[in-house]
Amino acid sequence: MHLLDQLAEQRIAEARDRGELSDLPGEGARQVLDDDSLVPEHLRAAYRVLRNAGYLPPEVQTLRDIERVEDLIAQLPLDDEPGRERAQRRLQLLRMKLQEGRRSSAIWTESTYHQRLLERMDDAGSR
């Protein structure tokens, strides 16, 4: 267990022993746990914080954008060729963005990041 985890557990146990955690709202109620089993373990806390703050993962935002553009296309008049064409191009771009994100979601595929990481490791190894 990490030092921070141990400290948190210790403080929770102390508060429980002092009775500070009894008679709280929701005590004894069933907890709804998020299924984040598909999120890498080292990213779960960050994703949870971002989700609770109202931020969405880029893939979800892109899916929402796709849905919005599809709705727009459905509402455009059939005789509005330039508008439909622009919306279709936007839809195609969003779908490509989503597909690219699914194909290369690992941070290691970003060549500039990968290259800088290798350089930093080389610098650290030469010390």
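Residue numbers (my numbering): 654 to 780.
All C-beta atoms in this analysis are idealised placements derived from N, C-alpha and C, irrespective of residue type, glycine included.
On a predicted model such as this, the values are computed, not experimentally measured, just so you know.
Among the options, the one whose alpha carbon lies nearest that of residue i
i	options	result
Q728	A740, R669, R717	A740
S690	A698, I726, D776	A698
G627	L686, E772, R664, P710	Absent from the model: residue 627. The displayed extent of the chain is 654 to 780, so no value can be given.
Residue i to residue j span [Cα, whole Å]
i	j	result
V713	Q745	16 Å
P693	E734	44 Å
A668	G707	30 Å
Y700	H655	20 Å
H695	R704	15 Å
V722	L674	48 Å
D676	Q659	25 Å
L751	D724	18 Å
G679	D688	21 Å
D718	R664	44 Å
L747	G736	17 Å
L657	V685	25 Å
R773	A661	34 Å
R743	M749	10 Å
D775	A666	45 Å
A777	R671	48 Å
Local conformation of residue i per DSSP, three classes
i	result
Q659	helix
R769	helix
T762	Summary for T762: the model assigns pLDDT 49, below 50, so the residue's position carries little reliability, and this model does not support an answer.
For the stretch 671 to 753, which segments carrying the alpha helix (DSSP H) assignment without a break, of at least 4 residues, lie completely within its bounds, in sequence order?
697 to 705, 711 to 728
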